[in-house]
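Residue numbers (my numbering): 202 to 315. We put the beta carbon where it would ideally sit given N, CA and C, even for glycine. First up is the structure itself, then whatever we jot down about it.
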């Protein structure tokens with residue numbers, strides 16, 4: 202399954218409050234003949250924005266987006282898992298994530314909480 206862009210918004214009292222945007226979603230789920238199952242999921246980029254009053258509109262964003270960054274060519278998030286379906290035993294789990302930064306303005310958090 203491949204999704205080029207996925208956007209999800211939280212609308213409260215007819216006003217958009219938060220929005221999450223994900224680009225380059227790729228999910229593969231495979232079941233092998235021996236009973237093993239495998240999941241490979243990745244996201245090229247994701248970002249969370251708020252639309253309340255505040256100085257910094259971005260809540261969560263990928264760091265090092267400049268062209269010389271060694272992180273730019275990597276997926277933002279990658280998850281690989283392999284398990285036995287019958288026993289639910291996870292044989293292998295791998296999670297990779299590039300550096301992200303979080304903007305936490307107390308005023309924005311209070312307005313989002315209200």
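Just curious, the beta strand (DSSP E) that residue 239 is in, first and last residue?
-> Start and end: 237-244.
Consult DSSP for residue 247 and reduce its assignment to one of helix, strand or coil.
-> In the structure shown, residue 247 sits in a strand (DSSP, three-state: E or B).
For residue 210, is the classification buried or exposed, using 16 other Cβ atoms within 10 angstroms of its Cβ as the cut-off for buried?
-> Taking all protein chains in view, the Cβ of residue 210 is surrounded by fewer than 16 other Cβ atoms within 10 Å, so the residue is classified as exposed.
Going by other Cβ atoms of all chains shown within 10 Å of its Cβ, with 16 needed for buried, is residue 234 buried or exposed?
-> exposed
Would you mind stating whether residue 277 and residue 246 have Cβ atoms separated by less than 7 Å?
-> yes
Candidates 275, 203, 294, 224: closest to residue 281 by CA position | 294
Mind checking which residues open and close the beta strand (DSSP E) that includes residue 213?
-> 203-213
Give the straight-line distance between the Cα atoms of residue 238 and residue 228, rounded to the nearest whole angstrom.
-> 13 Å
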